[in-house]
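Numbering (my numbering), first residue to last: 980 to 1234.
Beta carbons are placed, not taken as given, at the ideal position from N, Cα and C, and that holds for glycine.
Note that the structure is a prediction, hence the values are computed from the model and not measured.
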């Protein structure tokens, strides 16, 4: 089963982890600081750019873990642009199509049960299934960055519920990880500054924690895709064997 403990450890021990975290935290800090000081005029321009950048990082990170590479977050701009374009090709039409299906199912279909909770439960079920299909499609694409895999609906429909369950288990685990990551720092700041939420140092730390979350998410989703989405995992297994041999050779050379 996908393990958030491994994902957390890997996010802090990959190659140049702290440099990457610091660099990618800059746009997060800029956006967060705009909220703190109340200057939000530029957010409609900056926020979409940041979202696309982190989508590219997440997608490449999933692929890096799936291929057993020694990095999660990538420092290769051209590679990230290419990955982003592929991700948009996969996600954009499916979000539009399945979003329209979900909207019609929740607004034009009437449930013949006269209980106040039923429409809400029905909407939650519909949107959960829609989300699971889109997420599974994304993960199916991200594992090898092959666009056609993002539209392999036979595999997607078979795996989507398992992927959704795995993701739902991930949410409380990530919340606990963030309590461990941010909680002690928040306590220290609160001791010296009751209004610590607006302190630039705390905002900067939370920005870096956000980047760590992206790395954790990429690692966890890569594990979940390997376990839940049926398909050819031979390419992954071959890379595992190659990297194990490379690691052994490196240790022997070091000795």
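- Unbroken alpha helix (DSSP H) runs of no fewer than 4 residues, entirely contained in the stretch 1022 to 1092, are found at 1022 to 1045 and 1056 to 1086, following chain order.
- With distances taken between CA atoms, residue 1032 lies nearest to 1066 out of 1135, 1066, 1209 and 1167.
- With respect to residue 1006, residue 1029 sits close: the two C-beta atoms are nearer than 7 Å.
- The Cβ neighbour count for residue 1087, taken over all protein chains shown within 10 Å, is under 16; the residue is labelled exposed.
- Secondary structure of residue 1115 (DSSP, three-state): helix.
- With respect to residue 1197, residue 1041 sits close: the two C-beta atoms are nearer than 7 Å.
- When the alpha-carbon of residue 1064 is set against those of 1044, 1039 and 1082, the nearest one is in 1039.
- DSSP places residue 992 in the helix class (H, G or I) of the three-state scheme.
- With a 10 Å radius around the Cβ and a threshold of 16 neighbouring Cβ atoms, residue 1114 comes out buried.
- For residue 1133, the enclosing alpha helix (DSSP H) has its first and last residue at 1132 to 1171.
- By the neighbour-count criterion, in which 16 or more other beta carbons inside 10 Å mark a residue as buried, residue 1146 falls on the buried side.
- Counting along the chain, the unbroken alpha helix (DSSP H) around residue 1195 starts and ends at 1179 to 1207.
- In this structure, residue 982 and residue 1202 form a Cβ contact; the two beta carbons are roughly 7 Å apart against a cut-off of 8 Å.
- Secondary structure of residue 1124 (DSSP, three-state): coil.
- Per the coordinates, the alpha-carbon of residue 1024 lies some 11 Å from the alpha-carbon of residue 1010.
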